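One line per chain: the protein sequences are A and B, in this order.
Under the numbering used here, the letters of the first sequence match residues 1 to 335, in that order.
Under the numbering used here, the letters of the second sequence match residues 336 to 757, in that order.
The C-beta atom is built at its ideal place from N, Cα and C for all residues, glycine as well.
Since this is a predicted model, take the numbers as computed values, not measurements.
Below is one structure, written out as structure tokens, with a few remarks after it.
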Amino acid sequence: MDITSTTTQGATSAATKRSLRSARKGGRAQLSGLSRQRIRTAWLFLLPMIAGLGFVAGWPLLRTIYLGFTDATLSSIDSYAFVGFENYLVYDNGEWYGLLADGLWWQAVWNTLYLTVLSVSIETVLGVLIALILHAKFPGRGLVRAAILIPWAIPTVVSAKMWGWMLHDQFGIINDLFLKLHLISEPIAWTVNPDTVLGTIIAVDVWKTTPFMALLTLAALQMLPKDCYEAARVDGIHPVKVFFKVTLPLIKPALVVAVVFRMLDALRIFDLVYILTSNSEDTIVMSVYARQALIDFQQIGYGSAASTLLFLLVFGLTLAYIFATRLKLDGSGDH
Amino acid sequence: MNKTAKTLFATTALSAALGAAGLAQAATLNIPCSTGSGFASCEQTAQEWAESRGHSVNIVTVPFSSSEKLALYQQILGSQSADLDVLDVDVVWPGILGAHLADLGPYTNGAENDHFASVIANNQYNGKLVAIPQYTDAPVLYYRKDLLEKYNEPVPTTWQQMTETAERIQKAERDAGHDRMWGFVFQAKAYEGLTCDALEWIDSFGGGTIIDADGKITVNNPQSAAALDLAGSWVGNITPQGVLNYDEEGARRVFQGGDAVFMRNWPYAWALGNGEDSPVKGKIGITPLPMGPDGKHSATLGGWQMAVSKYSENIEVAADYVLYVSSKDAQKRGAIVDGRLPTIPALYEDPEVLEANPYFANMRAVLENSVARPSSVTGEKYNQVSNEFWNAAHRVLSGKSSGADSLSQLESKLKRIRGRRW
């Protein structure tokens with residue numbers, strides 16, 4: 001670097017030029033040797049990681065995409081034929097077949113997006129509110145911070161079953177409570193009634209994942225510089241204004257990342273929906289659809305095609321979100 | 336290198352020899368037992384077999400729901416795993432799982448001839464006997480004897496009568512302060528159980544069996560639509576809306592808790608309903624499912640078989656277990672303890688069996704009126720057919736569609752599934 005800049009500044013004598021040239025040559029050779037060695041070491045350290053990722057993520061992904069172009073079934077998984085895009089869309093005998101022509105698939109896409117948008121939005125707002133409360137100093141804060149994590153710590157299968165019982169139409173505690181409070185006049189079948197079922201799933205999902213949002217937001221809050229707040233206090237600025245003008249912009253990068261995580265999670269939601277409502281068409285989401293094809297119907301090819309579309313959708317939506325929020329994933333982001 | 340290979344070879348040979356020696360003495364079988372009411376007796380039977388034969392067993396807990404269980408078995412068998420040596424097979428599964436099941440023919444010594452011929456025929460796959468029946472099943476209508484007597488109502492024989500009786504008793508009981516009382520509970524969760532329930536309704540109305548024996552899709556007809564519309568009218572009136580998420584156990588809990596007048600369920604609920612801790616002990620009766628308007632009874636044929644996985648390392652031992660649990664003694668105990676219907680005709684005249692289950696005398700008639708699900712004709716596509724059918728029924732029950740609309744939608748979906756042939 002130094003040598004190059006010296007050269008561009010211009011040296012007059014030919015001798016100087018020559019000596020510089022040779023020095024540059026040697027320097028470059030030395031530098032490249034060093035950096036090549038560094039790069040080699042870097043690759044060496046990266047190799048196990050790359051191999052591991054390739055093995056556990058890359059290979060299954062490629063195989064799923066590949067199987068999506070075949071007619072493999074679960075009963076004869078070793079013998080299959082290549083069928084091109086038939087699993088996606090094919091015109092046969094005056095009718096369209098395939099995933100893209102299946103109304104249920106689009107219903108699943110719509111349900112997934114609906115659940116994701118509503119549940120992630122509610123979780124974000126609630127998570128920030130809870131984080132703000134937990135950030136304040138009050139007696140027993142440590143205990144409350146630990147307690148708030150419980151819903152997140154319970155395995156989804158367990159909490160979904162638990163909620164299934166609590167929401168039961170005949171014996172459930174939720175109906176009992178609401179009846180006693182005279183909020184409803186007769187028990188409601190929360191997980192069945194088409195008007196309540198999506199709302200119920202969103203509510204349980206919010207209950208479960210708000211702690212995650214609260215935790216990430218709390219971590220961001222604890223990193224904030226104190227001086228901004230002292231300045232704001234000296235200037236006598238209203239706390240609500242401080243939140244919107246100081247706190248929110250400062251925690252936004254962390255919040256955006258937290259939302260990406262939750263979005264990825266919510267788009268592939270499976271266990272909660274499957275346990276609360278099994279394969280019901282009202283609440284089918286993309287993962288449940290893919291599982292049904294893969295396992296229940298033994299259509300490995302078709303199910304793989306559905307899984308591939310699910311992957312592409314999650315991938316595309318996440319990219320779109322990253323671009324829309326101008327999130328810089330390389331760590332040089334400064335907003 | 337050479338040395339390592341030799342050592343490796345020697346070790347493998349040694350362990351193989353040890354393994355073979357161990358196998359001759361005692362094997363360990365992985366045996367599935369479903370969660371729920373039958374778990375205890377399943378485990379007990381397995382332990383007794385193990386003790387009498389000098390083998391050991393490893394009980395694997397599998398889901399109660401048949402749809403879940405099938406999914407699990409398909410994954411295990413699809414990966415050619417020996418995680419399960421024996422499998423309990425639903426009556427509609429031989430066509431789906433047959434390719435993975437061992438031929439039991441060489442091990443039975445003619446034991447299959449003791450069973451109902453129709454049930455054995457259902458267990459043939461490509462000319463091989465792939466499973467042996469453990470018990471058969473046909474649903475019945477459970478009713479509250481005490482309530483029918485109290486309101487002086489006869490045991491209903493048609494669906495229409497049942498609807499009216501249920502309405503009347505439900506209203507009277509609720510007026511008397513029992514505000515959680517319902518008229519009729521059944522299985523209407525979106526799963527295989529709903530296919531059974533709905534098939535009975537449309538068959539008793541003369542609507543056929545969804546797909547006939549020649550593979551023709553027959554389900555879209557006025558009788559089927561009328562049957563589904565009647566069932567749709569129950570939900571919210573005499574049936575809680577939550578029934579749309581009930582399986583067998585969900586319905587039993589409501590009925591056994593004393594909160595329903597009628598219940599459609601399999602015979603297993605009899606022994607439990609009369610158990611020591613049951614609130615309705617001694618208050619329940621059993622009768623064939625009601626008839627449709629033309630006087631036709633119907634009941635979907637169920638039942639479970641035992642099969643051996645082709646990938647088991649101990650096929651012979653596993654076959655012995657299968658024969659043990661399907662034997663006359665085992666079936667007799669199943670009938671007395673768990674209220675299961677034997678597949679061996681002689682047991683229907685056995686005095687001890689009849690003493691425990693007085694209604695078994697009528698069950699022969701119910702079995703004769705039973706209707707089979709279209710699993711043979713649709714083969715590997717049965718699951719898809721059943722899935723579309725239960726969804727069609729679910730749409731009507733949840734009030735989203737009329738019977739006629741739902742069935743015409745079902746017809747076009749079934750045509751898509753069939754493609755050129757089943």
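Minimum C-alpha distance to residue i - residue among the options
i        : options                                : result
B:LYS618 : B:GLY637, B:PHE597, B:GLY627           : B:PHE597
A:LYS208 : A:MET263, A:SER159, A:PHE244, A:ASP169 : A:SER159
A:LEU317 : A:LYS252, A:THR116, A:LEU221, A:SER278 : A:THR116
B:GLY734 : A:PRO225, A:THR247, A:ASN193           : A:ASN193
A:SER304 : A:PHE69, A:MET263, A:LEU34             : A:PHE69
B:PRO677 : B:TRP428, B:THR471, B:THR363           : B:THR471
B:HIS390 : B:ALA595, B:GLU651, B:VAL688, B:LEU624 : B:GLU651
A:GLU123 : A:ARG291, A:GLY33, A:LYS245, A:ILE202  : A:ILE202
B:GLU715 : A:THR325, A:ILE322, A:LEU309, A:ALA293 : A:ALA293
Any chain A beta carbon closer than 8 Å to residue i
i        : result
B:LYS616 : no
B:GLU583 : no
B:ARG708 : no
B:GLY550 : no
B:LYS735 : yes
B:PRO575 : yes
B:ASN444 : no
B:ASN393 : no
B:LEU565 : no
Residue i burial status per 10 Å Cβ neighbour count (16 or more: buried)
i        : result
B:GLN409 : buried
A:LEU312 : exposed
A:MET162 : exposed
B:HIS435 : buried
A:TRP105 : buried
A:ALA320 : exposed
A:LEU143 : exposed
B:LEU749 : buried
A:GLU186 : exposed
B:GLN379 : exposed
B:SER416 : exposed
B:THR709 : Sequence inspection shows Pro at residue 709 of chain B; the Thr mentioned does not correspond to that position. Its Cβ being crowded by 16 or more others within 10 Å, B:PRO709 is buried.
A:ILE39  : exposed
A:VAL273 : buried
B:ALA356 : Unreliable positioning characterises B:ALA356 in this predicted model, as indicated by a pLDDT of 42, which lies under 50. The coordinate reading is nonetheless provided below. Its Cβ having fewer than 16 others within 10 Å, B:ALA356 is exposed.
B:ILE621 : buried
A:MET223 : exposed
A:GLU95  : exposed
B:GLU527 : buried
Range of the contiguous beta strand (DSSP E) that encloses residue i
i        : result
B:ALA466 : 466-472
B:LYS622 : A small correction: the amino acid at residue 622 of chain B is Thr; Lys does not occupy that position in the sequence shown. That run of the beta strand (DSSP E) goes 619-622.
B:PHE519 : 517-520
B:PRO677 : Where B:PRO677 is concerned, there is no enclosing beta strand (DSSP E), given that its DSSP letter is neither H nor E.
B:THR396 : 391-397
B:TYR477 : 475-479
B:ARG599 : 595-600
B:SER369 : 363-369
Beta carbon proximity, residue i to chain B, threshold 8 Å
i        : result
A:ILE295 : yes
A:GLU339 : Only positions 1 to 335 of chain A appear in this structure, which leaves residue 339 of chain A out of reach.
A:ALA320 : no
A:LEU74  : yes
A:ILE77  : yes
A:ASP71  : no
A:GLY333 : Confidence at A:GLY333 is low in this model, with a pLDDT of 44, below 50, so the placement of that residue is unreliable and no value is reported for it.
A:ASP169 : yes
A:GLN37  : no
A:LYS180 : no
Extent of the continuous alpha helix (DSSP H) run through residue i
i        : result
A:PHE212 : 197-222
B:ASP673 : 663-673
B:GLN639 : The sequence given here places Trp at residue 639 of chain B; Gln does not occur at that position. Note, B:TRP639: premise wrong, no alpha helix (DSSP H); beta strand (DSSP E) at 637-643.
B:TYR408 : 401-413
A:VAL256 : 248-267
Item checked: Chain-ordered residues of the stretch 185-196 of chain A with a beta carbon less than 7 Å from chain B -> ALA189, THR191, VAL192, ASN193, PRO194
Checklist line | Chain-ordered residues of the stretch 509-533 of chain B with a beta carbon less than 8 Å from chain A | finding: ARG515, LYS524, ALA525, TYR526
Next item on the list: Pull out every residue of the stretch 255-289 of chain A whose Cβ sits closer than 9 Å to any Cβ of chain B, in chain order.
Entry: LEU276, THR277, SER278, ASN279, SER280, GLU281, ASP282
Notebook entry, point to check: Which residues, in order along the stretch 81-95 of chain A, keep a beta-carbon less than 9 Å from a beta-carbon of chain B?
Noted result: ASP92, ASN93, GLU95
Check: Which residues, taken in chain order from the stretch 95-106 of chain A, show a beta carbon closer than 8 Å to some beta carbon of chain B?
Finding: GLU95, TYR97
Notebook entry, point to check: Given a limit of 8 Å on CB to CB distance, which residues of the stretch 296-311 of chain A reach chain B?
Noted result: ASP296, PHE297, GLN298
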